[in-house]
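One structure is given below, encoded as structure tokens.
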Amino acid sequence: MSPRFVPPSEPPDETRPDRGASSNARGVKPARLRLHGRRRGRRLRAGRQGLTATLLPELRVPLALPGPLDPAALFPFKPREVRLEIGFGAGEHLAHQAKADPDIGFVGCEVFVNGIAALLARVKAENLGNVRILDDDVRLLLGRLPEASLDRVVALFSDPWPKTRHHRRRLIQQDSLDEFARVLKDGGEFRFATDDMGYARWTLLRCLGHPAFAWAARGPQDWRARPQDQPQTRYEAKARARGRACVYLVFQRVPREAEGLPRPPSGDI
Ligand SMILES: C[S@@+](CC[C@H](N)C(=O)[O-])C[C@H]1O[C@@H](n2cnc3c(N)ncnc32)[C@H](O)[C@@H]1O
60 MSPRFVPPSE PPDETRPDRG ASSNARGVKP ARLRLHGRRR GRRLRAGRQG
110 LTATLLPELR VPLALPGPLD PAALFPFKPR EVRLEIGFGA GEHLAHQAKA
160 DPDIGFVGCE VFVNGIAALL ARVKAENLGN VRILDDDVRL LLGRLPEASL
210 DRVVALFSDP WPKTRHHRRR LIQQDSLDEF ARVLKDGGEF RFATDDMGYA
260 RWTLLRCLGH PAFAWAARGP QDWRARPQDQ PQTRYEAKAR ARGRACVYLV
310 FQRVPREAEG LPRPPSGDI
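Each residue of the sequence shown is one higher than the last, beginning at 60 in this note's numbering.
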């Protein structure tokens, strides 16, 4: 039996400006990776410019090194878990979790320079030693991560691209879910949140149809309420201020030997 998912009624369509493709942080424009969305906003204040010049190089994921990239090896200690946050925005969720769990390694991926600078400021203010940053397109990293190397993948309020002709720009696609399934450990988590009900349904349908993911929800509160360890992010706050409901989806990575086996029916979700 498929779980019943009845999200709040769909808000009016909103479009985001398409600012076209960009090259990545090192000036390389990979043929297949076209990034939609902006890389820069307002000019950075001097302090944040300084952090980008000094702290970012220390924390940057070394994509230029050849071969697979073991995310646990990015930290100067043996992390109890490693989590990846894709599109961390201003980094409030990532920094909050990094502060709460100093023995977990957090890898954040973001292309928006002002957001990266905001996370750097939090890392410095809180003296966080368990954060690493990729200031580039997550797709450049995913393929370099070894199988079963992450405990959690998080994508909060990822750009919804609500127009049908833009749906292929969404982060959640069959290919990206296949990559999440590959890099997550058995029992690991994929967390997704959105205020766009079309994108919520899109992600739910794709994850329910994916042999590697099981929806962890047991009742409506499990997708209507933010997980307790998650603080509100900037985009979530904006959505709520505009009266939009938010949906929080948590999927578990099915153990590899159980992939494709029948699942127990979900309750009244
Ligand atoms: C709508 S914002 C949400 C930010 C934050 N998670 C929040 O909830 O406030 C989506 C973010 O994802 C980033 N992003 C989009 N595509 C990305 C990609 N391929 N790799 C890394 N970050 C990406 C954007 O730059 C943007 O900051």
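Even glycine gets a Cβ: it sits at the ideal position worked out from N, Cα and C.
Ile163 is not a Cβ neighbour of Pro130, given a cutoff of 9 angstroms. When DSSP states are grouped into helix, strand and coil, Lys183 belongs to the helix group.
In the DSSP assignment, Tyr307 forms a beta bridge with Ala252. Under the three-state reduction of DSSP, Ala275 is assigned to coil, being neither helix nor strand. Residue environment: Arg250 is assigned as buried (16 or more neighbouring CB atoms within 10 Å of its CB, all protein chains considered). Straight across, the Cα-Cα distance linking Arg181 with Val197 is about 21 angstroms. If you check the CB distance, Trp261 and Ile231 come in under 9 angstroms. Only residues of its own chain outside the window of five on either side were considered, and among them Glu169 and Asp194 have a CB closer than 6 angstroms to the CB of Ile175, listed in chain order. Judged by DSSP in its simplified three-state form, Lys222 adopts coil rather than helix or strand. Take the alpha-carbon of Arg293 and the one of Glu185: they are about 19 angstroms apart. Assignment of Ala214 by DSSP, reduced to helix, strand and coil, places it in the strand class. In the DSSP annotation of this structure, the continuous segment of the alpha helix (DSSP H) that includes Phe239 starts and ends at Gln233 to Val242. In its chain, beyond the 5 residues on either side, Gly100 have a beta carbon closer than 6 angstroms to the beta carbon of Asn173. Burial state of Glu151 is buried, judged by a 10 Å Cβ sphere holding 16 or more other Cβ atoms. From the listed residues Gly202, Leu200, Leu236 and Tyr258, the smallest Cα separation to His225 is found for Tyr258. Comparing C-alpha distances from Arg301 to each of Phe272, Leu124, Asp255 and Arg277 shows the shortest one belongs to Asp255.
With a threshold of 8 angstroms, the Cβ atom of His226 does not count as near ligand 1, since no heavy atom of the ligand is closer than that. Within 8 angstroms of the C-beta of Thr292 there is at least one heavy atom belonging to ligand 1. Counting along the chain, the unbroken alpha helix (DSSP H) around Glu151 starts and ends at Glu151 to Ala159.
Beta-bridge partners assigned by DSSP to Val141: Gly164.
DSSP places Arg191 outside any alpha helix (DSSP H); the residue lies instead in the beta strand (DSSP E), whose first and last residues are Val190 to Leu193.
Here Asp288 carries a coil assignment [DSSP, helix/strand/coil]. Distance from the CA of Asp237 to the CA of Leu187, rounded to the nearest whole angstrom, comes to 31 angstroms. In the structure shown, Leu178 adopts helical secondary structure according to DSSP, grouped into three states.
Your pair Leu201 and Val242 checks out as a contact, with CB atoms roughly 7 angstroms apart and the cut at 8 angstroms.
Look at Leu201 here: in three-state DSSP terms it is helix. Annotated three-state conformation of Arg93 is coil, per DSSP.
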